[in-house]
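In this note's numbering, the protein residues as written are 1 to 253.
C-beta atoms are modelled at their ideal positions from N, C-alpha and C, and glycine is treated no differently.
These notes are about the structure you will find just below.
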């Protein structure tokens, strides 16, 4: 059987090709995939699990998309695939209600799991980008339970507007940042691997798919970086018994 890992699909109504491609890809997994890990930014924005109640009243189409995706994941789960979802920097308000609807379990970030007989650290990856001090300050605020309670208490229409505003601000801010600031800090990667006692890391977030080989305390280490999905292409990491871990892209059309 096979374990697959994906991240950074950024599903939203404005990118129907990605949604349709993902749903087609998902239909193929039941035959050989025993575990699916989704490592954050599954949705481009998430305003709260009560979105699932708004299919008939949400003019943006986000609610209908969320229900459709949850139903597809639930079908896969029912067929025997274990599904785990980690929060990203865009969908950090994703909650247990959505996970239950999708037949999935929420996964802490970071999390150590066993893949193919070896311990591997899974992360979304944003906490590794410590040189982006503005984002790190926002992340600390956004993960504060009191801040989240205040946001979730807002009327839905206000949350939708806030999510749009935050996306626009993020895009504008990132366009003015140096490329290396938005990538991981190598020293933070080494520190994190050492802290968890592992030599393999899998993450997304940076949209820079690659396999990096280096050393930690004289031992060989690897960092797998998942890519973000586009209308014509998706990315996955495939882990099969007895075979090496593979990062691959594939067509969605």
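Item                                                                                                                                                                         : Value
Leaving out the 5 sequence neighbours to the left and right, which residues in its chain are closer than 7 Å to residue 60 when beta-carbon positions are compared?          : 13, 160
Could you check where the beta strand (DSSP E) with residue 224 kicks off and where it finishes?                                                                             : 219–225
Who pairs with residue 211 in a beta bridge, going by DSSP?                                                                                                                  : 224
Answer yes if the stretch 116–130 comes into contact with the stretch 38–47, meaning at least three C-beta pairs across the two stretches below 8 Å, and no otherwise.       : yes
What is the residue span of the alpha helix (DSSP H) that residue 51 lies within?                                                                                            : Looking at the DSSP string, residue 51 is not in any alpha helix (DSSP H), and its letter there is neither H nor E.
How is residue 92 classed by DSSP in three states: helix, strand or coil?                                                                                                    : coil
Within its chain, find whatever has a CB closer than 6 Å to the CB of residue 203; leave out the 5 residues flanking it on each side and keep chain order.                   : 123, 125
Closest to residue 76 by CA distance: which of 27, 115, 105, 53 is it?                                                                                                       : 27
Keeping to the same chain, check which residues put their C-beta closer than 6 Å to that of residue 11; ignore five residues upstream and five downstream.                   : 19, 43
So, at 6 Å on beta carbons, what are the nonlocal neighbours of residue 97 in its own chain, with the 5 sequence-adjacent residues on each side left out?                    : 49
For residue 249, I'd like the list of residues in its chain whose CB is within less than 6 Å of its CB, leaving aside the five on either flank, ordered along the chain.     : 233, 235
For residue 47, count neighbouring C-beta atoms within 10 Å of its own C-beta (all shown protein chains included) and say buried if the count is 16 or more, exposed if not. : buried
Determine contact between the stretch 112–123 and the stretch 189–197, defined as no fewer than three beta-carbon pairs at a distance below 8 Å.                             : yes
Which first and last residues belong to the alpha helix (DSSP H) in which residue 21 is found?                                                                               : 16–27
Please report the distance separating the alpha-carbon of residue 206 from that of residue 55.                                                                               : 32 Å
Scan the stretch 93–125 and note each continuous beta strand (DSSP E) run of 3 residues or more that stays entirely inside, going in chain order.                            : 104–107, 111–115, 118–122
Using the C-alpha atoms, what's the distance from residue 243 back to residue 215?                                                                                           : 22 Å
Using a Cβ-Cβ distance cut-off of 9 Å, determine whether residue 242 contacts chain C.                                                                                       : In the structure shown, chain C cannot be found, because there is only a single protein chain.
Look up residue 202 in the DSSP assignment and say whether it is helix, strand or coil.                                                                                      : strand
Which stretch, first to last residue, makes up the beta strand (DSSP E) that contains residue 238?                                                                           : 233–240
What does the alpha-carbon distance come out to for the pair residue 253 and residue 231?                                                                                    : 8 Å
Helix, strand or coil, according to DSSP, for residue 4 in the structure here?                                                                                               : strand
Starting from residue 152, follow the alpha helix (DSSP H) in both directions and report where the run begins and ends.                                                      : 145–152
Could you check whether residue 90 and residue 149 sit closer than 9 Å to each other, using their CB atoms as the reference points?                                          : no
Could you tell me the distance, in whole angstroms, from the CA atom of residue 153 to the CA atom of residue 45?                                                            : 17 Å
Which value, in whole angstroms, describes the spacing of the CA atoms of residue 101 and residue 217?                                                                       : 43 Å
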